[in-house]
Amino acid sequence: MQIKLGKENLHSEFVKLIERISGEELANCYQCGNCTGGCPVSYAMDFGPREIIRLLQLGQEDVVKKANSMWLCVGCLQCYCRCPKGVSAAKILEALRQITLRKGEDHEAIKEVPFPFLKNAPQQAIVCGFRKFVS
Amino acid sequence: MKYAYYPGCASQTITKEYDSTTKKVCKILGIELLEMTDANCCGAGLITDYNYELSITLNARIFAIAEKMGLDIMTICSTCLMIMSRANKELKEFPKLLKKVNKTLEKAGLHYSGNVKVTHFLWTLSQDYGLDKLKAMVKKPLKDMKIAPYYGCHILRPSNALGFDDPEKPVSLERLIETLGGDAMPNEGKTRCCGFQIVLVTQETAVDMIGNRLKEAKDAGGKCMVSPCPLCHINLDSYQREAEKKTHQKFEMPVFHLSQIVGLALGMSIDELELGRHLVSPENAITTVVGD
Ligand code: SF4
Ligand code: SF4
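Listed in order, the protein sequences are those of chains X and G.
Those letters in the first sequence? Residues 12 to 146, per my numbering, in order.
Those letters in the second sequence? Residues -7 to 284, per my numbering, in order.
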């Protein structure tokens, strides 16, 4: 993957917003990968939690926004629990979701979910699927 | 021993049997559960996204009702436990927030001082009630029952708000199973997520995760599982057939609610334990003579 680095991405408003919402300082992460190692869904993510943090450290807003990672995070907090630096990747992914959801955008359109599925899925799962704050 | 009882939404709908069997078990044990008839939803974290203060206020309202009752809260849902514990921690740590929230609560004639404790049924049994006392109540030990403990996430993490058990190497369920006379079959998946949050986002990945948890329990020699969380139960029980189809293997892994294995050891019958409500029938996993 090729990425362009410049002052404008490293100190972008987007990165600052992520830090403000999550309360996490991205520079605290030293990329050990413990979070991804413990993450039960990292295998299905475009970028695991460690990579998401690295991309954010490098100000790669577009790549991160397009990745499915924030929607696949189950909020199990394994990443936070194992991080030697006390960084919560879960909170960072949560901040990403908040930014998207607050714009009225979503990863799921309820109209597009097949009816038989909605009928059979546990109601709590349906609510979780649409709006989640778990970190 | 008396608690303000907060079953949570799942156990009032899909997993009704968890609620009713907890009440029956507590009655036998002499733990008094007082219903919080006017309590609201903990928000399950779902509105924090839109309005943080409202979500904290909703939780503070639950605490204020318990305070009025003069009792601490006991829940049977891990997610309610986590959400309430986190809100309680913030209300304790930030007096300004507590003050602001109380201004809103005043309008409803409520007040929260910040002193209500939130606990889970598992913690109550392990700590407040005590395993020795529980052991003395066992009538039908769960002899030769190979039970895989499954904690899931929110009864353990974030440990700075919960802190009862080790977030990576918890033991309370194993201790409880042994107290009831069963064989605890711990496995590496016991603290991993069941995937409940992403059933709708990607059912495929969720079913994979469910399959993994069931396989880990089975490989460790478990003939059944026990879960302290109704949401994990919903996932592991109702999507088990899907997981079997996807992984081309048979699990036949019944999942008990916490209250049900306690009730079994206390001599309650299959009917009383409402085991018929589960999709994967737990009857084959029961090796002991159950009560009539
Ligand atoms: S575990 Fe912590 S320090 Fe290590 S990569 Fe993940 S966030 Fe960074
Ligand atoms: S909280 Fe999200 S990112 Fe962290 S380990 Fe769990 S699924 Fe992975």
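Backbone N, C-alpha and C fix where the C-beta goes; we use that ideal spot for every residue, glycine too.
Source: prediction; values computed, not measured.
Exercise for review: Consider the C-beta atom of G86(X) and the heavy atoms of ligand 1; say whether any pair is separated by less than 7 Å.
Suggested key: no
**Study point:** Extent of the continuous beta strand (DSSP E) run through T67(G)
**Key:** 65 to 67
Check your understanding: When we look at the beta-carbon of G70(X) and count the other beta-carbons within 10 Å, is it buried (16 or more) or exposed?
Key -> buried
Review point. Smallest Cα separation from K130(X): which of Q119(G), L192(G), M61(G)?
Key: L192(G)
Check your understanding: Thinking just about the alpha-carbon of each residue, which of G17(X), L67(X), R93(X), K96(X) is nearest to the one in L28(X)?
Key -> L67(X)
Exercise for review: Return no unless some Cβ of chain G is closer than 8 Å to the Cβ of A55(X).
Suggested key: yes
Exercise for review: Decide if L258(G) is buried, meaning its Cβ has at least 16 other Cβ atoms within 10 Å, or exposed.
Suggested key: buried
Exercise for review: Could you tell me whether the stretch 28 to 41 of chain G touches the stretch 60 to 79 of chain G, using the rule of 3 or more Cβ pairs below 8 Å?
Suggested key: yes
Review point. Along chain X, which residues have their Cβ under 9 Å away from the Cβ of T239(G)?
Key: What T239(G) touches in chain X: nothing, since even the nearest Cβ is about 15 Å away.
Check your understanding: Going along the chain, which residues of its own chain have a beta-carbon closer than 6 Å to the beta-carbon of G214(G), five neighbours each way excluded?
Key -> K138, A140, M177
Exercise for review: To the nearest angstrom, report how far apart Q4(G) and D11(G) are at their CA atoms.
Suggested key: 7 Å
Check your understanding: If we ignore side chains and look at the alpha-carbon of each, how far apart do F144(X) and Q89(X) end up?
Key -> For F144(X), the predicted model reports a pLDDT of 44, less than 50, meaning its position is unreliable; a value from the coordinates is still stated below. When rounded, the distance between both Cα atoms is 15 Å.
Exercise for review: Mark D57(X) as exposed unless 16 or more other C-beta atoms lie within 10 angstroms of its C-beta, in which case mark it buried.
Suggested key: exposed
Exercise for review: Return the CA-CA distance between E19(X) and E72(X), expressed in angstroms with no decimal places.
Suggested key: 11 Å
**Study point:** DSSP state of E24(G) mapped onto helix, strand, coil
**Key:** strand
Exercise for review: Check the DSSP bridge columns for T111(G) and list the partner residues they point to.
Suggested key: M66(G)
Exercise for review: Could you please give me the residues that DSSP links to K138(G) through a beta bridge?
Suggested key: D175(G)
**Study point:** Span of the beta strand (DSSP E), counted from its first residue to its last, around H240(G)
**Key:** Looking at the DSSP string, H240(G) is not in any beta strand (DSSP E), and its letter there is neither H nor E.
Exercise for review: Could you work out which residue in P60(X), Y41(X), V98(X), K77(X) is closest to P150(G) when comparing CA atoms only?
Suggested key: V98(X)
Exercise for review: Note down the Cα distance separating S80(X) from S53(X), rounded to an integer number of angstroms.
Suggested key: 8 Å
Exercise for review: Could you say which of Y231(G), R184(G), T29(G), L83(G) lies nearest to L46(G) if we only look at CA atoms?
Suggested key: L83(G)
Check your understanding: How many Å lie between K125(G) and L168(G) at the Cα?
Key -> 12 Å
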